[in-house]
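*Asks:* What follows is a single structure, and I will ask about it in a moment.
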Amino acid sequence: MNTWTNATGNGKATDWRALREAASRRAPPELAGKILYVEGVTVSFDGFKALDHLSLYVDPGELRCIIGPNGAGKTTMMDVITGKTRPDVGSVWFGRSVDLLLLDEPAIAQVGIGRKFQKPTVFEQLTVVENLELSLPGAKTFWRTLLARPTAAERARIDETLEIIGLTGQRGLTGSVLSHGQKQWLEIGMLLMQGPELLLVDEPVAGMTPQETERTAELLLSLAGKHSVVVVEHDMEFVRSIASRVTVLHEGRVLAEGDMDQVQNDPKVIEVYLGA
Amino acid sequence: MTARPRGGWRRLTLLLVAALLATAVRAVAQAPDEEMRAALDGLGEAGFADKQAFAERLVASGHRSVRPLLEAWLDDRLYARADKRTVIVKAVDERLATYDLVDPLTLADAGTGAPAELTRIGTNNQLRRALRTALARFSFASPDKSVRLAAIRQMLPTLDAATVELLRHRATAETDADVQFEIATAIALAALDGDDVGARRAAVGTLSSRLSSDVRNRLAALLEKSDDGGYLEGDEEVRAAAAAAIAAIDGRRRIYEGIETLFFGVSLGSVLVLVAIGLAITFGVMGVINMAHGELMMLGAYTTYVVQTLLPEHVGASVLVAVPAAFVVSGAVGVVIERSIIRFLYGRPLETLLATFGVSLVLQQTVRSLFSANNRAVETPAWMSGAWQINGALAITYNRLFIVIFTLGVFALLLAVLKRTRVGLEIRAVSQNRAMARAMGIRSEWVDALTFGLGSGIAGVAGVALSQLTNVGPNLGQAYIIDSFMVVVFGGVGNLWGTLIGGMSLGIVNKILEPYAGAVLGKILVLVGLILFIQRRPRGLFPPTGRAAEGM
Amino acid sequence: MGAPLRLLPGDSRGAAASFLGLLAIIAITIPILNLAVPASSPLHVSTYATALIGKYLCYAMLALAVDLVWGFCGILSLGHAAFFALGGYAMGMYLMRQIGPRGVYGHAVLPDFMVFLNWQELPWFWYGFNHFPVAVVMMALVPALLALVFGWLAFRSRVTGVYLSIITQALSYALMLAFFRNDMGFGGNNGFTDFKDLLGYDLQRDGTRVVLLVCSAVALGISYLACRAIVASRAGRVVRAIRDAESRTRFLGYRVESFKLWIFVFSAVIAGVAGALYVPQVGIINPSEFAPINSIEVVIWVAVGGRGTLHGAALGAVLVNFTKTYFTGALPEVWLYALGTLFVLVTLFLPRGLMGIVPLRAAALPEPVEAK
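Listed below in structure tokens is the structure:
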């Protein structure tokens, strides 16, 4: 069998979700509550601090928007949470029991964190259906996927997702022939298939038409509540339309946090954006 | 204690030497040639005592032909003709029907003579010693330091009281430290055979600071036992000092051997850097995997061969001419490859790898068709052969030294081109952000071709160096391609300094392993070590950083 | 990889059936034409040709192995010749032990080269190779273990792309240098040759050659079906996903290194078995089989045939090698020009290989996800 999955403790043997839920039930009420804890995280590249003692907390079911100018550290933050980048210092916890810094990317995905990339990344040589199939939770090891056959429930789920993302008609096409917007939708569909508790969505509406943007906003709003969603976006109108809470990053730190109006009237934010 | 021969001849020789020395300090008026001629011609019938007396006079005369005459005499090439004239035979060889003769005074040709008509003017041991000492004194008078050193080294195997006396005398006049050093060595070696225990101890003390294996072996002989079980050296203190001296010599020799290994490593490393540095540009700066890199080196080596064929009389100059020629030839071929193939494959490194491999096959076959499949002989210029003897334990061959210097020169030049010139700036700009560079008005296609040409040209220059080290044949490139890739990957792609340090460290590690593991196993160990290293640090010693690195 | 390259989705049912059918025809007709048709008949296939075809089939298996890792998983291995050679050496060791006292020196146990080197006893790693089942296990196990250790180290530390290609090449090169050494106990420069018989059957007899050909065809068929089964499974889709967007696959929760490792190991086993079948048919195995150029040649067979299609890789191998046999016989000096030009032209103009121009119905693999 797969030697290192068991060594790091993330094979099929470990059900992270159950562990996490059990742990949060045990946790005292005043400590429980948040789904994501990012505390004092610093990441530097060649002396340049992409993140500088960043702290951020996300509630379960919350829809949080992260905004900030280029180079504020938005994508680096996503990289840290999903295990792509290791911070120099700081801690990142998923709930109260899962230390994300001990896990690698696949393990983090398996505990229930999904990510959509800034540049839409779908599997270009696979069909839409195959893209969604691979996003199904469950069989993730080589030997299990070798023998895996989709169950009726899984097929139904794929059909349902196709319906939601509006790609039922394109189900047999390969990813490479989809339009930019369709790829964005497919990637969102892949996130939905994963059914993660926490969704990290990097610039979901870039390159979308106004209608598509509106539908994305609706979709994200409908996801909030069942899932926690963190959206990084430049489009202020879009942010205004979906966000209850907004965090402004600047030079790797949290500059301001609050609802959209508070944030927009914050003098520090105005200074950063307008360069007073 | 060994018994030392004693005899009247010994004292006689001493006297003779004293006489020679006395005459040397005196300014002597030149003896008329007639008188000399008469004495010379009498040699054929003279006794040894007369011969010795003649030799004294000869040396005292300071005649310009004294030295060749004495050398010929020592070589048994001084003969008396049937007409009693004394002549020098140019070369004694029994297969010759007639000997070419030279006049001993004028050194002009003196016709020929049949061997049967010539009588050798004989010598005995005593006379030979006297002659040798006289010759050494001539060498000591030479203004050329190396002649004096050679004379001392020549004396070492046959040290006796006369030569020691001569050396002692020379020591008072000698100003050069190296020669003084050798004289001290020789005197100390001679003292080891002396009866004076104190002198032997002092000699061991002097010798303990020497390096040469001859001295070490001589000291080691002191510790040996003779057949009857006693030590050859009777004094225990001398033996202890000798043992300590041997340890000291061995210790220093180990250090110098270490330095030598290091130098071998650096010179192998230089070869590796030289073959990899062109690749570091095409692979590192452009992200292009050029499998034909080895064949571009091969073209450089063949260019050297062609240049030498065109300039058969000037081997030394031809290598110098070959450097720019090889740069142009390989560079031009590189530009053609880039324009016709590689530019269609940017961003697809694996495809580039395959296509350039195809190019390498075509280039190999082209060379086979043009020059045949056999290796071509490329001559090494005189200024690259020989060795630089630094001390008794350390010699550095000039070809290795030149490779090191050449590599560093090429490296510095390349660095200067990339960092200090407009072209270098454009190359770096395109490699970091192609789109932005284009927006700034840089013609990126032109820069691509130029960069590839530069990398290929340097491969050609490396080929010139390789032609001096290995066989020039169609497979020359293949032998180095894996090494050069390993250097680039080890050092870190896109970093010239990484290539330099990577190549040097691989060379040194290889040479350190070689004595223990043998050349092939050492190389295997280095390869396996590299494979493991790349797995620890997938991007090499000096990994590329920043967002640009993500795309690789 | 930058420019999008539309690869064929895999082997359709029709293509698979045609491929296996062709294989069956070869496995049936060649033996008949060799053994039953008299040598005087124009239809007779000589034993030389039989062995040649058997060799091509082994190459086709090797091409399948390379295509599985390169065409489907995006790992450009330039070291597959090493797995092929290791399988071949395992078979060679068995064949050497079978010679027994019939060697030149007539030693009962030691092969000739060991007697020549004054060895007194058999090295420990030669034990058991006189038993055919042990040898068969080793043909697969040794390449598999090498692939496992190497792949585990390489994939875990995320060595990818050209870096991986270069270190696979270095691995093969290091093995070649090692096998050239006499001390290794594998016959040094000369390797193994002068084989006598396999399982008691004389290797020089026509019947044995024919059986070897049939075995090669069967092994190729089984390998093809196994590869196709893997490619058609969900694991196969994950593998293709890794090829297209490795890091995306990780964020879906797949342990990429594990998928790569198993594919690599399986591929090494196919290559090893191919090598083992190759050795008795060509009658020699020596360290030059490890040469990096051999691995690169395999890659070009796959590229010519069409990577990402299994039958394409196999046909590419046969086609290129047939051409090679022709050229090296008729116009030896032209062969390297032809091969080199082929590399360049295929990468420039035929990125999908010959399968890219053959108008096949672009029927995808059976899609298990489609609801009925």
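Protein chains in written order, with the working numbering: chain P, 132 to 407; chain L, 1248 to 1799; chain Z, 52 to 423. Beta carbons: idealized from backbone N, C-alpha and C, even for Gly.
May I ask you to report which of helix, strand or coil DSSP gives L/L1655?
*Replies:* L/L1655 falls in the helix class under three-state DSSP.
*Asks:* Can you pull the chain L neighbours of Z/E384, defined as C-beta to C-beta under 8 Å?
*Replies:* In chain order, Q1612, R1615 and S1616 make up the part of chain L whose C-beta sits under 8 Å from the C-beta of Z/E384.
*Asks:* Counting contacts by CB-CB distance shorter than 8 Å, is L/M1733 in contact with chain Z?
*Replies:* yes
*Asks:* Against Z/G304, what residues of chain P qualify as contacts under a CB-to-CB distance less than 7 Å, listed in chain order?
*Replies:* P237, A240, Q241 and K271
*Asks:* Which chain Z residues sit within Cβ distance under 9 Å of P/L277?
*Replies:* Simply A280, I281, S284, R285, A286, G287 and W313.
*Asks:* By alpha-carbon positions, which one of P/R376, P/E291, P/L278 and P/P268 ends up nearest to P/A238?
*Replies:* P/P268
*Asks:* Kindly say whether L/F1649, judged by its beta-carbon, lies nearer than 8 Å to any beta-carbon of chain Z.
*Replies:* no
*Asks:* Once the 5 residues before and after L/A1381 are set aside, which same chain residues still bring their CB inside 7 Å of it?
*Replies:* L1267, A1302, V1306 and L1317
*Asks:* Ends of the beta strand (DSSP E) at L/A1357?
*Replies:* Taken as a continuous stretch (DSSP letters only), the beta strand (DSSP E) holding L/A1357 covers D1356 to G1360.
*Asks:* Taking 8 Å as the limit between beta carbons, can you name the residues of its chain near Z/T398, skipping five residues before and five after?
*Replies:* Cβ-Cβ distances below 8 Å link Z/T398 to A354 in the same chain, with the five nearest sequence neighbours on each side left out; the list follows chain order.
*Asks:* Report all residues from its chain with a CB closer than 7 Å to the CB of L/R1332; omit the five preceding and five following residues, and keep chain order.
*Replies:* D1288
*Asks:* With distances taken from CA atoms, which of L/A1572, L/T1550 and L/K1758 is nearest L/S1714?
*Replies:* Looking from the CA of L/S1714, the closest CA among L/A1572, L/T1550 and L/K1758 belongs to L/T1550.
*Asks:* Considering Z/F167, what are the terminal residues of the alpha helix (DSSP H) in which it resides?
*Replies:* D163 to F167
*Asks:* Report buried or exposed for P/M321, applying the criterion of at least 16 other Cβ atoms within 10 angstroms of its Cβ.
*Replies:* When all chains shown are included, P/M321 counts as buried.
*Asks:* Excluding the 5 residues flanking P/P281 on each side, which residues of the same chain have their C-beta closer than 8 Å to its C-beta?
*Replies:* E264, L267 and I289
*Asks:* Using CA coordinates, which residue listed in L/G1769, L/G1605 and L/G1294 is at the minimum distance from L/E1542?
*Replies:* L/G1605
*Asks:* Could you give the first and the last residue of the continuous alpha helix (DSSP H) run that contains L/N1464?
*Replies:* S1460 to L1469
*Asks:* In whole angstroms, give me the CA-to-CA distance for L/G1441 and L/R1417.
*Replies:* 20 Å
*Asks:* List, from N- to C-terminal side, the beta strand (DSSP E) runs of 3 residues or more that fit wholly inside the region 1583-1668 of chain L.
*Replies:* 1634-1638 and 1641-1644, all fully within the region 1583-1668 of chain L.
*Asks:* Buried or exposed: where does Z/H131 fall if 16 or more other Cβ atoms within 10 Å of its Cβ makes it buried?
*Replies:* Classification for Z/H131: buried.
*Asks:* When DSSP labels each residue in this structure, what does Z/Y140 get in the three-state scheme?
*Replies:* helix
*Asks:* Got a sec? Which residues, its chain only, sit under 8 Å from Z/L86 by beta carbon, not counting five neighbours each side?
*Replies:* Same-chain partners within the cutoff: D257, G258 and V261.
*Asks:* So for P/A154, helix, strand or coil by DSSP?
*Replies:* Residue placement at P/A154 is poorly supported in this model, since its pLDDT is 49, which falls under 50; the coordinates are not used for a value here.
*Asks:* For the region 1738-1750 of chain L against the region 1623-1634 of chain L, do three or more pairs of beta-carbon atoms, one drawn from each stretch, fall closer than 8 Å, so that the two count as touching?
*Replies:* Touching, no.
*Asks:* Determine whether the beta carbon atoms of L/G1516 and L/L1701 lie at a separation below 8 Å.
*Replies:* no
*Asks:* Looking at the C-beta of Z/F183, does it have a partner C-beta in chain P at a distance below 8 Å?
*Replies:* No, Z/F183 lies away from the interface with chain P (no Cβ there is under 8 Å from its Cβ).
*Asks:* Name the DSSP bridge partner or partners of L/Y1346?
*Replies:* L/G1360
*Asks:* Output yes if chain Z places a C-beta closer than 8 Å to the C-beta of P/E264; else output no.
*Replies:* yes
*Asks:* How is L/V1272 classed by DSSP in three states: helix, strand or coil?
*Replies:* Any reading at L/V1272 needs caution, since the residue's pLDDT is 49, under 50, leaving its predicted position unreliable; the model's value is listed next. In this structure, DSSP gives L/V1272 a helical state, which the three-state scheme calls helix.
*Asks:* Can you give the Cα-Cα distance for Z/R291 and Z/R358, rounded to whole angstroms?
*Replies:* Spanning the two alpha carbons is a distance of roughly 12 Å.
*Asks:* Quick check: is the beta carbon of Z/V398 nearer than 8 Å to any beta carbon in chain L?
*Replies:* In the sequence on display, residue 398 of chain Z carries Thr and not Val. Among the residues facing chain L, Z/T398 is included, as its CB has a counterpart in that chain under 8 Å away.
*Asks:* So which residues on chain Z does L/I1588 lean against when the C-beta distance must stay under 7 Å?
*Replies:* V395 and L399
*Asks:* Could you tell me which chain L residues have their CB closer than 7 Å to the CB of Z/A225, listed as they occur along the chain?
*Replies:* I1771, L1774 and V1775
*Asks:* Return the first residue and the last residue of the beta strand (DSSP E) that P/G221 is part of.
*Replies:* V220 to F225
*Asks:* In the DSSP assignment, find the unbroken beta strand (DSSP E) run with P/D183 in it and report its ends.
*Replies:* The continuous beta strand (DSSP E) containing P/D183 extends over residues F179 to V189.
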